[in-house]
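Protein chains in written order, with this note's numbering: chain A, 24 to 454; chain B, 24 to 454.
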């Protein structure tokens, strides 16, 4: 029996098809049963009339419970009033498995803990469905953008021998008789790859063992990290701006309905076009002072500061040249003011926080050796990285964009835990 | 100073451009220096004539050492004899960093251990360059294939609370006050996602703590895992066949030159077209017996058996219905012979071993509960998985395709360690 997906029904009007899926909802109205059947590509109203079907089909229609699996055979009719624009006049029903007992997720309000423990079922709900569809488009947009610009995908390793930025937030793994750490960033590896391939990116899961329970933190999250040989800070900002415009553009082009399900106003997203404002850290500090936010000189911004900055602009803002002391050892100092780093953060609009961090990397061997010593990092673990400055060092830079925060911003959702299929948080790894 | 990539030179014949890269090789011939400059997109011969450049440029050309970073400005000339079809008549050279001391990787033969310790530099060599380019196209082909068929990308988690197939080959991670394991497969999660979205796939790193040092094993490798609701074994075989044809087709269309660098004969790849032979395990056992390979009844095949099977066919072969006892607990038994599982392995040609494993999943709650008990797996860890059989269970199936073995086969290389940018093996996680 050939299967027709709900998303294909428009091509089968007047024909008899079989839709295979699950019962989302049903309504009995005298001698008619309306079955709302979902199959992953959409939902179709399937109309069962007692007078037009055999008694076992009528019985099946009446007994089917929420999330029971079933195949429904019937004729496709265009009907503007029906959800999705089509409905099925049912001839036959095959129930694969009848759900007995109550389906755990009912239309009533459930607590988040309950929903998270039932994430494997929660995925079936309309809202989660919409979020993961947008997420998949965002991932695709990222890959299309870099592949289209001639970047080479170079997968970074997950097991690493040492930390990029200290060991306090690293997950340690027993690696046979040794120890390994789960990667926090593929950047150092991408620097090596950029020296081989010019323009590269990695895109995979990264890990942070942070004991923080905030709405912006996951222990496992996906990050894309491009790295470009011969790129300087302005090139990095241009590249990041182009990426974010591509992502937002693709979502707006394909997911108006999903954004409506999420009650996400698309108007602020429509304003995400180049050029994004670019302000220095010092300018941002002055802006914050005007809004009554005091930033101690030389300190990084906190989440409330980022929110205040974002509220001042109608699109993402690029904040560059932070104090070198709050940034990682590999940042290149600004020749015009060596207390500042040639770095940039992109802060999303509407208070969604930092979604991009990057900059130009130090290309001097001597400077990097000094910084590694100052940060008390184990030099032997970085020998290979220093080789990149001994053998053909070039100006270069790149950034990382976090997928989950980007999804949260674009979908307009409060907490990143809904932006990834199976979120991992402090004390939370089931299912 | 605008940068022109070597791959773009054809559009700039007769124009002055600046190529930024590294010195791959140089040759001095009296009053002419030939600099072979690579920039990641290609290599261009840059001709420096003493009579046509200022003395500092002439000096720079003579002093530049292997892998020194430099920008070369000159006029593009079409020259059929030049590698790549174009060369530069140089006017100026800017050396960014002069490599002093010998570059570690010289044209002489190095041992594999040495090369692996210098993987960050080894990536720059022609052969490694070609392999990673083919790998990127394979990854892209996989995503294009599934996205084109309407599959939704659903990222599986890396941290898992329990093992899919026992804990002996799992990496354990300290997860705050608990333990977690690194995923061996996203399949169980994809089964949950398929019940929500119909057709899904995950594509990410997976981990096996195997103490084996073979040419086919890595501790960290990438796997794509599609899962389809309402799919049966034949559908799974069809899907896997289509994927492998798409991958091989895309590589042949775009990488003839890279395959030539790898001395990979493309002829056997051209024969990878549908239909692939499909034989049962029992037929494979008989085939092996004819070739003098004795397989104990009910046992799995070893690598030499797979090689012998592959040599019998001119394209990948699908071997289905292995003994249930050698397969995982979630496999659906064949109704025609319950001692066999409705599973399939795809064995690559030319002795490259299994590249796909999959099949139809058990959809009966009772059967799965029995199998989990028989395998002495912790039932509480699988409660969520059993929920999928309580709430709308459907026939479904999928498979996993290992990226590194696929790259090894298509590139025709002996050992999987060269198929991933930064390979992780037993006692080997640096750089």
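Where a beta carbon is used, it is the ideal one built from N, C-alpha and C, also for glycine.
CB-CB length for residue i against residue j, believed under 8 Å
i	j	result
residue 213 (chain A)	residue 261 (chain A)	About 18 Å separates the two Cβ atoms, so there is no contact after all.
residue 218 (chain B)	residue 147 (chain A)	7 Å
residue 92 (chain B)	residue 45 (chain B)	5 Å
residue 112 (chain B)	residue 96 (chain B)	Rounded, the Cβ-Cβ distance is 10 Å, inconsistent with contact.
residue 421 (chain A)	residue 381 (chain A)	6 Å
residue 386 (chain B)	residue 355 (chain B)	7 Å
Residue i: contacting residues in chain B (beta-carbon distance under 7 Å)
i	result
residue 203 (chain A)	452
Contacts around residue i, its chain only, beta-carbon distance under 6 Å, and the 5 residues preceding and following it disregarded
i	result
residue 105 (chain B)	68
residue 443 (chain B)	427
residue 192 (chain B)	231, 232, 233
residue 71 (chain B)	56, 84, 113
residue 154 (chain A)	434, 441
residue 90 (chain B)	45, 122, 126
residue 175 (chain B)	220, 223
residue 158 (chain B)	430
residue 81 (chain B)	73
First through last residue of the alpha helix (DSSP H) which encompasses residue i
i	result
residue 322 (chain A)	That residue, residue 322 (chain A), is in no alpha helix (DSSP H); it is neither H nor E in DSSP.
residue 86 (chain B)	78-86
N-terminal and C-terminal residue of the beta strand (DSSP E) that residue i is part of
i	result
residue 244 (chain B)	243-252
residue 270 (chain B)	Residue 270 (chain B) -> not in any beta strand (DSSP E); alpha helix (DSSP H) instead, spanning 256-277.
residue 39 (chain A)	39-52
residue 109 (chain A)	109-120
residue 172 (chain B)	Residue 172 (chain B) -> no beta strand (DSSP E), and no H or E assigned at all.
residue 71 (chain B)	66-72
residue 105 (chain A)	No beta strand (DSSP E) contains residue 105 (chain A), which DSSP labels as neither H nor E.
residue 29 (chain B)	Segment: none, residue 29 (chain B) is in no beta strand (DSSP E) and carries neither H nor E.
residue 93 (chain A)	92-101
residue 61 (chain A)	55-61
Partner residues on chain B for residue i, Cβ-Cβ distance less than 9 Å
i	result
residue 212 (chain A)	143, 444, 445, 454
residue 401 (chain A)	Correct list: empty, because the minimum Cβ distance to chain B is about 12 Å.
Chain A residues whose Cβ lies nearer than 8 Å to that of residue i
i	result
residue 207 (chain B)	The premise fails here: residue 207 (chain B) is roughly 13 Å from chain A at the closest Cβ pair, so nothing lies under 8 Å.
residue 92 (chain B)	415, 416, 417
residue 147 (chain B)	218, 219
residue 173 (chain B)	28, 30, 64
Sequence-distant residues of the same chain with beta carbon closer than 7 Å to residue i, five excluded per side
i	result
residue 362 (chain A)	346, 347
residue 206 (chain B)	179, 180, 181, 183, 229, 230
residue 456 (chain B)	A query on residue 456 (chain B) cannot be resolved here, the shown segment of chain B reaching from 24 to 454 and no further.
residue 143 (chain B)	454
residue 54 (chain B)	72, 73, 74
residue 395 (chain A)	352, 402, 405
residue 194 (chain B)	204, 205, 230, 232
residue 215 (chain A)	411
residue 156 (chain B)	278, 281
residue 221 (chain B)	252
residue 269 (chain B)	164, 168
8 Å Cβ shell around residue i - same chain, five flanking residues per side excluded
i	result
residue 448 (chain A)	236, 240, 241, 242, 440
residue 325 (chain B)	none
residue 293 (chain A)	275
residue 139 (chain A)	145, 440, 446, 451
residue 338 (chain B)	294, 295, 296, 299, 300, 372
residue 128 (chain B)	138, 141, 144, 145, 147, 148
Under 7 Å from the C-beta of residue i: neighbouring residues of chain A
i	result
residue 180 (chain B)	243, 445, 447
Distance cut-off 8 Å: residue i Cβ against heavy atoms of the ligand HEM
i	result
residue 355 (chain B)	In the structure on display, the ligand HEM does not appear, and there are no ligands present to speak of.
Per-residue contacts from residue i into chain A (C-beta, under 9 Å)
i	result
residue 407 (chain B)	140, 141, 142, 143, 144, 453, 454
residue 195 (chain B)	196, 197
residue 152 (chain B)	219, 220
residue 119 (chain B)	253, 386, 415, 416, 417, 418
Proximal residues of chain B, C-beta to C-beta of residue i below 8 Å
i	result
residue 199 (chain A)	232, 234, 449, 450
residue 269 (chain A)	Near residue 269 (chain A) there are no residues of chain B at all, since even the closest Cβ is about 16 Å away, more than 8 Å.
Inside the segment 364-438 of chain B only - beta strand (DSSP E) runs reaching at least 3 residues = 366-370, 377-383, 419-425
request  = Let me know the beta strand (DSSP E) ranges lying completely inside the segment 279-352 of chain A, each 3 residues or longer, listed in chain order.
outcome  = 301-303, 340-343
request  = Let me know the alpha helix (DSSP H) ranges lying completely inside the segment 125-168 of chain A, each 4 residues or longer, listed in chain order.
outcome  = 135-140, 142-145
task = Please go through the segment 177-236 of chain B and give each complete beta strand (DSSP E) segment of 3 or more residues, from N-terminal end onward.
result = 195-198, 201-205, 222-230
query = Any residues in the segment 322-343 of chain B with a beta carbon nearer than 7 Å to a beta carbon of chain E? Which ones, in chain order?
reply = The structure shown has no chain E; the protein chains it does contain are A and B.
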